[in-house]
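In order, the protein sequences belong to chains F and S. Numbered according to my numbering, the first sequence terminates at residue 383, and the numbering increases by one at each position without gaps. Numbered according to my numbering, the second sequence terminates at residue 651, and the numbering increases by one at each position without gaps.
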Amino acid sequence: MDGFIELRGIRKRFQGVPAVNDASLTLNRGEVFSLLGPSGCGKTTLLRILGGFETPDAGRIIINGQDITDLPPNKRPINTVFQNYALFPHLCLWDNVGFGLKMAGKPRKFIDQEVERMLDLVDLLDHADKKPHQISGGQKQRVAIARALINKPQLLLLDEPLAALDLKLRQRMLLELDRIHDEVGITFLYVTHDQGEAMSLSDRIAVMNQGRIEQIARPMEVYEAPSSSFVAAFIGDTNFFKAHVSGSVGEDYSTLAIEGVPSVLAYNDKKLQRGQQVYLSIRPEKFRIQREKPAPTEHLNMLKGKVLDIIYLGSNTKFRVECGGHVLMITQQHARFMLDTTPLTWEEEVWVSWNADDGYMLQRYEEADARLLDLPNEEESVP
Amino acid sequence: MKNRSKFPMFVTIGVLVFLYAPILVLIIYSFNDSRYPGAWQGFTLKWYRTLLEANSVEARDIWRATRNTLLVAFCATIISMVFGTLAAWAMYRFRSRLQSLHQMLVYAPLVVPDILMGISLLMLFVNVNMSLGLTTIIISHTTFCISYVALVVLGRLQDFDHTLVDAARDLGANGFAVCVRILLPLLGPGIAAGGLLAFTLSVDDFVITFFTAGPGSTTLPVQVYSMMRHGTPTLINALSVIFIIVTFSVVIFSQRVLQKRDNSHPHI
Chain F
1 MDGFIELRGI RKRFQGVPAV NDASLTLNRG EVFSLLGPSG CGKTTLLRIL GGFETPDAGR
61 IIINGQDITD LPPNKRPINT VFQNYALFPH LCLWDNVGFG LKMAGKPRKF IDQEVERMLD
121 LVDLLDHADK KPHQISGGQK QRVAIARALI NKPQLLLLDE PLAALDLKLR QRMLLELDRI
181 HDEVGITFLY VTHDQGEAMS LSDRIAVMNQ GRIEQIARPM EVYEAPSSSF VAAFIGDTNF
241 FKAHVSGSVG EDYSTLAIEG VPSVLAYNDK KLQRGQQVYL SIRPEKFRIQ REKPAPTEHL
301 NMLKGKVLDI IYLGSNTKFR VECGGHVLMI TQQHARFMLD TTPLTWEEEV WVSWNADDGY
361 MLQRYEEADA RLLDLPNEEE SVP
Chain S
384 MKNRSKFPMF VTIGVLVFLY APILVLIIYS FNDSRYPGAW QGFTLKWYRT LLEANSVEAR
444 DIWRATRNTL LVAFCATIIS MVFGTLAAWA MYRFRSRLQS LHQMLVYAPL VVPDILMGIS
504 LLMLFVNVNM SLGLTTIIIS HTTFCISYVA LVVLGRLQDF DHTLVDAARD LGANGFAVCV
564 RILLPLLGPG IAAGGLLAFT LSVDDFVITF FTAGPGSTTL PVQVYSMMRH GTPTLINALS
624 VIFIIVTFSV VIFSQRVLQK RDNSHPHI
């Protein structure tokens, strides 16, 4: 943590409605940092504030020790890749890419040399004379990146850069972005609503919701140890259980009482005391589902349930299993050849088990976040 | 294919006759050897000679009026291009509660009858003690030309992507550079189209000019009107033919140019 770029207590309201609410974060030199959240969570506003297109109501932005909060966009060492690329339609690719250096008043020879280098970096040297409307979406994207990088900014902002591309192209561009980042080593701030993009590209992720930053962590931590029900539900799928601590087992484990099912064991990293209420989040793939009762081991939880629904997806199968009034979403990978086994079927009695370490206690829980989950409809949930 | 209806062809011919027959008559009668329209008296080129040699009072008046008309149209067009564009930009960029009122006030001159505009402008000039002349005509023409330019430019702005301005700012362009390198090239065709419309309307205007013109500052439409009543109408026929030739040349030329541009820049 060298605190290369710092946002302190940024606030912004639009017509009285808070868009960004007390957001603070620190970016390290050379890292790829993602702002991840659903649309309307304030991530784009935060990016526009960094770019200088919006003025924050409160808070400071510091780059390399210099306060740039009051600088206009053209005076900031920051460049942006816009969501719709915003290429200048009347200029050819060469002039688009060279625009920044021209504005900086660099000599012609230097500009030509740099433009050639950047177009080469994004592999578009052959199209330099074309106008933006003559090239494809993916190519436009690369021009936008080259144009933003040519001024050698301290920070590159990317506003949903892949949103307008189709799936295959998006995956290719992700790899391309990764390669470009490795090559130029500039700090990237990547704004997206796509958790896949954020997870695969970022060193760290800030998950935003309703103008607030819910959690800042590495992708793996965000997934495995979400700080709130929102993070748990927005990134991947999960199962929530309302529980209260009913006892302790050893120093690190607690038993939790959950309505309708026998008490379960959970790793208690929050040091909760007996009687305190807690919400437990268990990812679908952490469960095991089988016909026979599993052999009990020290920290294994097991529940008896009934299969409600089976969705076969090839590499894995999604099950909906009812256990004591709760409907669990369970994903099983198929590592073995499937045709040799008798698969589970509807209405079958099964055993669901998971390790005590795989349930994660949430610090904050909002009822509304459960709606983000891929849950069954109300009327068909419990028979 | 053979049995296709001939109806469209008849309609087309009918429309062409409707549009161009009067002009054709005008062209023919410009060669009529008579001071007044009516019976054909024989072929002559003397009206053209009179006009081009400018050796009569009437011909000199006509050329002075033509010069006034072009001067007024040129000034009114330039001024309204600047202010009309600024007005359109303001309406595009800034949203306020008075937005719709503002918009209505800018567009009002398009629908207000010319006679009202003419009378109110005349009253204004008299009240501020401004002597009527070319200046007052230019001011009057600018008032309605601004509206047309604003209308055309605002239409152009509706599909203008404002992130282009953000992008230019982001890449280090200051306000001036954004105007010169982004806005003018992209809005230029719209501003030019508005200007062309303004020019045409200004050259054409009779009613407002009639009220706000002073002695010696007559424009062509007003001059032609007075000559129809007290002068030599056939001279006007000749003048009209010259104008038709100039106008058609401009139209054909500009279409050639536009076609060329369309081929090289399909989206601009």
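C-beta: ideal position from N, C-alpha, C; glycine also.
### Query
Does Gly-16 of chain F get closer than 8 Å to chain S when you measure Cβ to Cβ?
Sequence index remark: in the first sequence, residue 16 of chain F carries index 16 (1-based). Not one beta carbon of chain S lies nearer than 8 Å to the beta carbon of Gly-16 of chain F.
#### Entry: Residue-level contact to chain F via CB, Val-640 of chain S, 8 Å cutoff
Taking the first residue of the second sequence as 1, we reach residue 640 of chain S at position 257. By this cut-off, Val-640 of chain S is not an interface position.
### Query
Would you call Arg-478 of chain S buried or exposed, if buried means 16 or more other Cβ atoms sit within 10 Å of its Cβ?
Counting from 1 along the second sequence, the entry for residue 478 of chain S is found at position 95. Arg-478 of chain S is exposed by the Cβ-count criterion.
### Task
Could you give the DSSP three-state label for Gln-277 of chain F: helix, strand or coil?
On the first sequence, residue 277 of chain F is found 277 positions in, with the first residue counted as 1. Note: Gln-277 of chain F maps to strand in three-state DSSP.
### Query
Per DSSP, Cys-323 of chain F is paired with what?
One-based indexing of the first sequence puts residue 323 of chain F at position 323. Its beta-bridge partners are F:His-326.
### Message
Against chain F, does Gly-555 of chain S count as a neighbour if the rule is that its beta carbon must be under 8 Å from one of theirs?
### Response
Walking along the second sequence from the start, residue 555 of chain S turns up at place 172. With 8 Å as the cut-off, Gly-555 of chain S counts as an interface residue toward chain F.
### Query
Residues in its own chain within less than 7 Å of Arg-13 of chain F by CB, not counting five upstream and five downstream?
Here residue 13 of chain F refers to the residue found at position 13 of the first sequence. Correct list, in chain order: Ala-19, Asp-57.
### Query
Using the beta-carbon of each residue, which ones in chain S are nearer than 7 Å to Phe-53 of chain F?
On the first sequence, position 53 is the one that residue 53 of chain F refers to. Near Phe-53 of chain F (Cβ distances below 7 Å), the residues of chain S are Asp-549.
### Query
What residues of chain F sit near Thr-546 of chain S, judged by a beta carbon separation below 7 Å?
Residue 546 of chain S sits at position 163 when you count from the first residue of the second sequence. Phe-82, Asn-84, Ala-86, listed in chain order.
### Message
Which complete beta strand (DSSP E) runs does the segment 266-314 of chain F hold, if anything under 3 residues is left out?
### Response
277-282, 288-290, 300-312, all fully within the segment 266-314 of chain F.
### Query
For the segment 88-101 of chain F, which residues have a CB atom closer than 8 Å to at least one CB atom of chain S, in sequence order?
Residues Phe-88, Pro-89, His-90, Phe-99, Gly-100.
### Task
Please decide whether His-650 of chain S counts as near chain F, where near means a Cβ-Cβ distance under 8 Å.
Within the second sequence, residue 650 of chain S is the residue found at index 267, counting from 1. The predicted model places His-650 of chain S with a pLDDT of 44, which falls under 50 and marks its position as unreliable, so this point remains unresolved.
### Query
Can you find a CB in chain F that lies within less than 8 Å of the CB of Ala-560 of chain S?
Against the second sequence, residue 560 of chain S aligns to sequence position 177. With respect to chain F, the C-beta atom of Ala-560 of chain S has a partner C-beta closer than 8 Å.
### Query
Pro-604 of chain S CB to nearest chain F CB: under 8 Å?
Walking along the second sequence from the start, residue 604 of chain S turns up at place 221. With a threshold of 8 Å between beta carbons, Pro-604 of chain S makes no contact with chain F.
### Short CB-CB distance (under 8 Å) between Ile-565 of chain S and chain F
For the purposes of this step, residue 565 of chain S is taken as residue 182 along the second sequence, with counting starting at 1. So, interface residue.
### Query
Per DSSP, what kind of secondary structure is Ser-514 of chain S in: helix, strand or coil?
For the purposes of this step, residue 514 of chain S is identified with residue 131 of the second sequence, where counting begins at 1. In the displayed model, Ser-514 of chain S falls within coil according to three-state DSSP, outside both helix and strand.
### Task
Give the straight-line distance between the Cα atoms of Lys-130 of chain F and Arg-76 of chain F, rounded to the nearest whole angstrom.
Against the first sequence, residue 130 of chain F aligns to sequence position 130. Against the first sequence, residue 76 of chain F aligns to sequence position 76. Approximately 29 Å between the Cα atoms of the pair.
### Message
Excluding the 5 residues flanking Glu-6 of chain F on each side, which residues of the same chain have their C-beta closer than 6 Å to its C-beta?
### Response
If you number the first sequence from 1, residue 6 of chain F lands on position 6. The answer, listed in chain order, is Thr-26, Ile-62.
### Task
Please report the residue range of the beta strand (DSSP E) in which Pro-219 of chain F lies.
Working through the first sequence from its first residue, we reach residue 219 of chain F at position 219. Note, Pro-219 of chain F: premise wrong, no beta strand (DSSP E); alpha helix (DSSP H) at 219-224.
### Task
Give the DSSP bridge partners of Phe-188 of chain F, in chain order.
Your numbering for residue 188 of chain F matches position 188 in the first sequence. DSSP lists F:Val-32, F:Leu-156 as the bridge partner or partners of Phe-188 of chain F.
### Message
For Met-103 of chain F, would you say it is in contact with chain S, using Cβ-to-Cβ distances shorter than 8 Å as the test?
### Response
Translated into positions along the first sequence, residue 103 of chain F becomes position 103. A Cβ of chain S is located within less than 8 Å of the beta carbon of Met-103 of chain F.
### Message
Determine, for Arg-476 of chain S, whether the minimum Cβ-Cβ distance to residues of chain F falls below 8 Å.
### Response
The residue given as residue 476 of chain S occupies position 93 in the second sequence. With 8 Å as the cut-off, Arg-476 of chain S does not count as an interface residue toward chain F.
### Query
Arg-552 of chain S to Phe-636 of chain S, Cα distance in whole Å?
Along the second sequence, one-based indexing puts residue 552 of chain S at 169. Along the second sequence, one-based indexing puts residue 636 of chain S at 253. Straight-line spacing of the CA atoms in Arg-552 of chain S and Phe-636 of chain S works out to 38 Å.
### Message
Between which two residues does the alpha helix (DSSP H) holding Arg-11 of chain F run?
### Response
In the first sequence, residue 11 of chain F corresponds to position 11, counting from 1. Secondary structure note for Arg-11 of chain F: it is in no alpha helix (DSSP H), and the uninterrupted beta strand (DSSP E) holding it is 5-14.
### Task
Closer than 9 Å by beta-carbon distance: list the chain S residues that pair up with Pro-161 of chain F, in chain order.
Position 161 of the first sequence, counted from the first residue, corresponds to residue 161 of chain F. From the beta-carbon of Pro-161 of chain F, no residue of chain S is found nearer than 9 Å; the closest lies around 13 Å away.
### Message
Quick check on Phe-393 of chain S: buried or exposed, where buried means 16 or more other Cβ atoms within 10 Å of its Cβ?
### Response
If you number the second sequence from 1, residue 393 of chain S lands on position 10. Classification of Phe-393 of chain S: exposed, given that the 10 Å Cβ count is below 16.
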